[in-house]
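There are 2 protein chains.
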Amino acid sequence: MTQYVYSFGGGAADGDGKMKDVLGGKGAGLAEMSRAKLPVPPGFTVSTAVCNLYFQSGNQVPSQIQHQAGEALARLEEKMGQRLGDPQNPLLVSVRSGAKFSMPGMMDTILNLGLNDQTTETLAQKSGNPRFAYDCYRRFIQMFGNVVLDIGKNEFEHLFDSRKKKVKAKYDTDLTADDLKAVIADYKKLVREKTGKPFPQDARQQLAMARDAVFCSWHNARAIHYRKMNNIPDDLGTAVNVQAMVFGNLGDTSATGVGFTRNPATGLKEFYGEFLLNAQGEDVVAGIRTPKPISELKDVMPDVYQQLHTITSNLEKHYRDVQDFEFTIQDHKLYMLQTRNGKRTGPAAVRIAVEMVEEGLIDKREAVLRVDPMQLDQLLHPVMEDSSRNSLQLLARGLNASPGAAVGTVVFTADEAVVKAKNGPVVLVRAETVPDDIHGMEVAKGILTSRGGMTSHAAVVARGMGIPCVAGAGAVEVDEHRQEMRVQVNGKTTTLKEGDWLSLDGSTGEVFAGRAQTKDPDLSSGHLAKFMTWVDEFRTIGVRANADIPRDAKVARNFGAEGIGLCRTEHMFFAEDRIPHMQAMILARTEKDRRKALAKLLPMQRKDFAGLFEAMNGYPVVIRTLDPPLHEFLPKREELMVEIAVMKATRRPRKKIAEREELLRRVEELHEFNPMLGHRGCRLGITYPEITEMQARAIFEAAVQVAKKGVKVIPEVMIPLVGNVTELENQKKIVVQAADDVFKKAGQKVHYMVGTMIEVPRAAVTADKIAEQAEFFSFGTNDLTQTTFGFSRDDSGKFLKEYQDRKIFKDDPFAVLDQEGVGPLMRMAVEKGRQTRADLEVGICGEHGGEPSSVGFCVRVGMNYVSCSPYRVPIARLAAAQAALSTSKEEAMRTA
Amino acid sequence: MTQYVYSFGGGAADGDGKMKDVLGGKGAGLAEMSRAKLPVPPGFTVSTAVCNLYFQSGNQVPSQIQHQAGEALARLEEKMGQRLGDPQNPLLVSVRSGAKFSMPGMMDTILNLGLNDQTTETLAQKSGNPRFAYDCYRRFIQMFGNVVLDIGKNEFEHLFDSRKKKVKAKYDTDLTADDLKAVIADYKKLVREKTGKPFPQDARQQLAMARDAVFCSWHNARAIHYRKMNNIPDDLGTAVNVQAMVFGNLGDTSATGVGFTRNPATGLKEFYGEFLLNAQGEDVVAGIRTPKPISELKDVMPDVYQQLHTITSNLEKHYRDVQDFEFTIQDHKLYMLQTRNGKRTGPAAVRIAVEMVEEGLIDKREAVLRVDPMQLDQLLHPVMEDSSRNSLQLLARGLNASPGAAVGTVVFTADEAVVKAKNGPVVLVRAETVPDDIHGMEVAKGILTSRGGMTSHAAVVARGMGIPCVAGAGAVEVDEHRQEMRVQVNGKTTTLKEGDWLSLDGSTGEVFAGRAQTKDPDLSSGHLAKFMTWVDEFRTIGVRANADIPRDAKVARNFGAEGIGLCRTEHMFFAEDRIPHMQAMILARTEKDRRKALAKLLPMQRKDFAGLFEAMNGYPVVIRTLDPPLHEFLPKREELMVEIAVMKATRRPRKKIAEREELLRRVEELHEFNPMLGHRGCRLGITYPEITEMQARAIFEAAVQVAKKGVKVIPEVMIPLVGNVTELENQKKIVVQAADDVFKKAGQKVHYMVGTMIEVPRAAVTADKIAEQAEFFSFGTNDLTQTTFGFSRDDSGKFLKEYQDRKIFKDDPFAVLDQEGVGPLMRMAVEKGRQTRADLEVGICGEHGGEPSSVGFCVRVGMNYVSCSPYRVPIARLAAAQAALSTSKEEAMRTA
């Protein structure tokens, strides 16, 4: 018979820590801790499989499983010497969700289940603390009422606040036992009004309803959104953990807390966490009361502190990773409620990985696999310039909840963040964030909260996303109603409204008014430098950068780029001093006039190329010939049409009109219905061979000039948008001719290659033929994705979001390479190309070249290198190393 | 040692008729005729391989081959008892090109080679006809001067005409021997002026120069153009045929002529041809003198006529095909100069194929392979209505050179034809056509000449192209200078200028002023009906038609379509009574308002579908859901912008402006940078599910309604632009739901399928997954070609022509399916689709479905049917049959 329910506690467990699939992360942790004889409140876990069965059976738990759960409950009752719902000796339990992957704040939890009118009285008697008992009961009704019965939290809060007002209480703790009894009566009345039934008094019915609510919470909007963001499959399901309650709120001999075995923000090896005396767990996480640092526990309860420290240190050694744990102290007795591998910032992930190798806990291979490549992003972004720090007005200091500098205009709601982020960077400012704010946090450059600690929702989520965050900046008054934030600085109130500039330093917790300057991070020393050398030990393919100008090339070298994988020459033509020549070239009616304009552009291009070659001394530089359609360099057609129509309507001089009409005529000639699919790429070079010729000349003249200075120059000339080998053949001839001419004239040769982009499906299909001419391939996966799917990046915005929401697409294929549809064409191209030319160099220069799962694919199909934007180079290096270490990249990421 | 030169004549030959690859068509025919002991003037053929060697060796004939040619010449001299250049007994030869495939009028020919100042005198003496000798010499200098020395024909003609004027000669024949001697002197002077050298007197040098000129003519512009039009590879090369001269111009006992064993225009079994007394061959072909029907030869030389008839009848039996032959009679002695399979019109091809089966000459299989599918086009086009024939003014009667009715506006030059044909049908009117006119003839609907016979250039080329042609309409005076044509009718001059309407009946030779009405041809009886039944016996796949309205569906059934392969539902929305509802639907801001507009469209669509189902009783009807982007139904963005800008500049009422601005806002929302790659196809149906729902409802309501009348209805609902199975899954659910609803309500079910188009590469790559949902595939090869190449049909005009001219592309991939690049994706889709669903129905509905070589591909990859425009259905049926009969379609076409 399949086991669906697993007991744990009392120094033993049915399951163990490896059974995350079955027990979820929390359940597996509880089982493992029980086996390790840690002080875990006993309980049982209903497996994740039941979640799916529940939905398949029409929201019913099959009777066989109900039977198993009944037996487990009986065992728990026996262990605790208490019975659920027993008026004399009631067992109270917590009911928690727990999926394979941690989903912080996403799933609902119910505490103190088992309380009813009778058992509350018993609890009051037994604890000798009636206030505690009534407080538990009112909390339970509130949680159950909200999570299971779907009554708005604010409705309960409203009743609670009314009572406080009535008795003139300032804090919750000012309410007496009788006040709380009155609140309970109000709550029960609310439940009856809203559900038409009294609050359930039968404890077993409470348990069944809570269990079902946990299952249902798997499909709530926040959980779905979180899974989508984190690529967690929808069919994993959640387990339900039923565990005997222990109480951190039995007075000042009790406490509750959370902690990490190392600092999750910096990675520093320190015992790190927070606790609250006389509180239940959710008080810490919710950020409502600001908790105390765990070091202070040492003063209050030195023995317990020592026990906790020893237990958690052992847990870290056991799991060989940072542990994120929850504990409760009930009357000086320590209970471990949860332990799991701790989430951490990028800087922390790197530092922890490096130090754990140095401590001998893990090896380099594991260290490399431990860091999510995307997390490196947090180490690669600009930090605040000291000058800004000194010149801007310091508004407040909060907790340094997630590192990095953030600069943006203020927004006060998640919805506004989404709207405003389209036009520029925003910083989301909230009293505290809630899971419903996720969509706004995602697009913000930084997050500022006035309440909550290092483990508050804002802090946890921001670190996960790698967004700078300053939390709990109590001096900041966030007035959501008036849409402004106010800070008293030196007795004067500074007010910022939506749209004002704000700068945060998530690494120091500082908040500045105004727009700070930022600077690039240093990769040459410290933990990251060491980590990256290990990464490169395992990496099997090259990483180049896409860079059009020498400045970007230098940044790329600094980030470890081993060459330029894509230089877009057209970007050079958009500069102010060049576009007139470019326009003259386009408007020319004869080849002769075109050549005249091109002759003016040649020295400019030559200078650009020389700069790139110098920056990349010893590394290859892939230069793509002109790619965009010519009309991109001219005024917009519709604007000209409007201008001319207005000139005519207002009887402007004929001659002026005629001039604009002449320009419009040429613009009309060049107008295209689908510019993406138009006269661009090599098609331009074929119909205007003199353009390719000029560019090739500029490349080789620059190469010879720089080589003469002793710089090692490796030019690779890349022809875009080739679909047929005959196109490449045509363009290659021009390039080779230019090289021969230049080398002859200069009396010096430079080794170079001529290759092509693979960016239309036909190129992939006929790659064997194209490789007859191409010395290298570079996948332009932006265009290849557009043509393979048949939608353009510019236009797909209209439906792609809806596609993702409706789960028609899992990912945006322009962000994450579509391995199912585009992938096979790329694999085909690599295989066919190498059939013809065994030593064909193959790379990728689309934006996917810096996306970790895409890099993994590139490694698996045997590319020679990936190329990405300079800031993505370290990410690509790590992703490439991980892919080399693991045939299944996904596995690698999940162990991190 | 490789044989490069092949002798023939005197009842024997080195080669034979099968060696077209080596000897070219003409050389193989001469060899075969020699072997058949026919009276062929002896000679030798320099093989096609030499042509390529000539160019590879830098325009030199390798010495080894020169040696072989020398030996062959010696043998020829021996056979003739004459020597080339011998002053006493000179051998005269013709030098002719001859490639594997006949290229009429494309290659240059030189006659009378061997004449010089001395041998001309000898010829004058020996023939006793000095005038004849001088005429030969002056013709030779003229041809040689033009073809070999590249001196314009008109320069010689000018000298000749000047001389005629001087001596007041009306006809060429009015010139005396002395006049001709003077012409010769003028010609020689011209040659010296133009080349700086005297006219070559050395006969062997003449021969070498002529041979080289033939080789070079392989690469002249006309030849290249002809090959491109006819898909003849450029590397075949031409052979050179050197043959002893015989003379049709030795007075009235001599003649020259051409003929066919059956009428090449109608296919009628009649001895058919023309001859000219006292003339050389080019006089007939050039159309300068109008020749006499061959039946008149019977009266002039009954014996020779009988001999010719017997020989050619035997040749037809030998080759089992219509023979196109050339002959010369020298002093009552018949020489056969050439025979080859005759080109014929479509109607003739069908009639000849059918009658040859009835005569037992060939079997049905061969008959089916004999007709080029594209030629059927000539039988499928409208013929002139009798009412027009009676009401329009009959201008003239000419020769019925190529059948079919043509209606268009008059143009007088090929260049004008190209320009004007873009705006409407044109008829090209010329005194006589020349090979340089090809590009204009290609685009004309019909051709009218005032001079030339059934075998004139105009007639031959028009028949080959399937363009109606009336030739030699002597009453028509074509004034190219004044750009008008004048005809005397009943003593009154009718003048037509460029742009005036003209109608031709190529089947009767009639020429009408004005615009005739035409009617569809009848396929239900006659030779074509019989032929098509044989075609269908061999055909293995279905042929459907693309039709959007019942009228087209009826035409398609008439042409033998076995269903509708594509009904584009959007075409129904563009109708005047519908577009307001469509616009209302698009402008609606809520689903409710959209549904309101859709509810008005539903009954209209239902009616359209009902009509299609009725027309296709018993055959499937594939209906595609809405495909184009919505902005296609709204006013154009730039026009609105201009309108509003002008309204503002001229201070029009605010309210009016606001209205237009509101419309513009919506247009802007829907605006796309690349509509081809935008929000269209199933992407629309996914974001506006109510559109798909309405269409599905209309389909099934129509199906049920028509089925109740006893009509067999087979709807196939096709979802466009699917790239991912999830898209199809989404749309299929809506369609199935609509079907269930309609069937339930009607109490009647109709069998139907839901399938998809395969028109983006991703659909092909993931066809296995898509086939999990799709019950059928239909290739949309227009879009698939666009996305595979990455260029749109609308925009590629800017470079595609240049691509073809530069031989970067062989064909326009939108006309001829790209089997190298798009083909493999299609093959992949068929294979992967059938892996998942063995009985998957696969078809094609792109325009390639009516192009013969593409149909061949569809047969080879195992499609179930092709679908094309109604007028292409018979062509597709024949192409499909031929592909079934022959794995190599190209071979099949070449035997035709």
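Chains A and B supply the protein sequences, listed in that same order. So in the working numbering, spot 515 of the first sequence is number 707, and the numbers just go up one at a time. So in the working numbering, spot 524 of the second sequence is number 716, and the numbers just go up one at a time. Even glycine gets a Cβ: it sits at the ideal position worked out from N, Cα and C. Values in this document were obtained by computation on a predicted structure and should not be read as measured data.
Neighbour list for residue i in chain B, Cβ cutoff strictly below 9 angstroms
i, result
"residue 928 (chain A)", "What residue 928 (chain A) touches in chain B: nothing, since even the nearest Cβ is about 17 angstroms away."
"residue 899 (chain A)", "Simply none; closest approach about 34 angstroms."
Pairwise C-alpha distance: residue j and residue i
i, j, result
"residue 652 (chain B)", "residue 483 (chain B)", "15 angstroms"
"residue 743 (chain A)", "residue 616 (chain A)", "24 angstroms"
"residue 547 (chain B)", "residue 1030 (chain B)", "43 angstroms"
"residue 1088 (chain B)", "residue 553 (chain B)", "Residue confidence is low: residue 1088 (chain B) scores 43 on pLDDT, short of 50, so the model does not pin down where it sits. Its coordinate-derived value is still stated next. Those two C-alpha atoms are separated by around 15 angstroms."
"residue 290 (chain A)", "residue 216 (chain A)", "5 angstroms"
"residue 1035 (chain A)", "residue 862 (chain B)", "37 angstroms"
"residue 172 (chain A)", "residue 622 (chain A)", "Look at the range of chain A in this structure, 193 to 1088, and you will see that residue 172 (chain A) is not part of it."
"residue 659 (chain A)", "residue 632 (chain A)", "12 angstroms"
"residue 1084 (chain B)", "residue 765 (chain B)", "Note on residue 1084 (chain B): pLDDT 43, under 50, position unreliable in the model; the coordinate value appears next. Approximately 43 angstroms, taken between the alpha carbons."
"residue 793 (chain A)", "residue 907 (chain A)", "20 angstroms"
"residue 416 (chain A)", "residue 1039 (chain A)", "27 angstroms"
"residue 755 (chain B)", "residue 968 (chain B)", "15 angstroms"
Buried or exposed (CB count within 10 angstroms, at least 16 for buried), residue i
i, result
"residue 1045 (chain B)", "buried"
"residue 1082 (chain B)", "With a pLDDT of 48 at residue 1082 (chain B), under the threshold of 50, the modelled position of this residue cannot be trusted; read the value that follows with caution. Residue 1082 (chain B) is exposed by the Cβ-count criterion."
"residue 292 (chain A)", "buried"
"residue 524 (chain B)", "exposed"
"residue 771 (chain B)", "exposed"
"residue 413 (chain B)", "exposed"
"residue 266 (chain A)", "exposed"
Paired residues, beta bridge with residue i - DSSP
i, result
"residue 515 (chain B)", "B:533"
"residue 738 (chain B)", "B:758"
"residue 602 (chain A)", "A:619"
"residue 452 (chain B)", "B:464 and B:516"
"residue 816 (chain B)", "B:760 and B:910"
"residue 661 (chain A)", "A:594 and A:639"
"residue 680 (chain A)", "A:685"
"residue 632 (chain B)", "DSSP lists no partner for residue 632 (chain B)."
Residue i: contacting residues in chain B (beta-carbon distance under 7 angstroms)
i, result
"residue 1055 (chain A)", "None at all; the shortest Cβ gap to chain B is about 19 angstroms."
When the options are compared against residue i, the one with the closest alpha-carbon
i, options, result
"residue 965 (chain B)", "B:434, B:396, B:918 and B:223", "B:918"
"residue 681 (chain A)", "A:704, A:281 and A:672", "A:704"
"residue 671 (chain B)", "B:654, B:690 and B:199", "B:690"
Interface partners of residue i on chain A, CB under 9 angstroms
i, result
"residue 990 (chain B)", "861, 862, 864, 870, 871, 875 and 879"
"residue 915 (chain B)", "980, 981, 982, 983 and 1013"
Neighbouring residues, chain A, relative to residue i (Cβ below 7 angstroms)
i, result
"residue 958 (chain B)", "1012 and 1013"
"residue 837 (chain B)", "834, 837 and 838"
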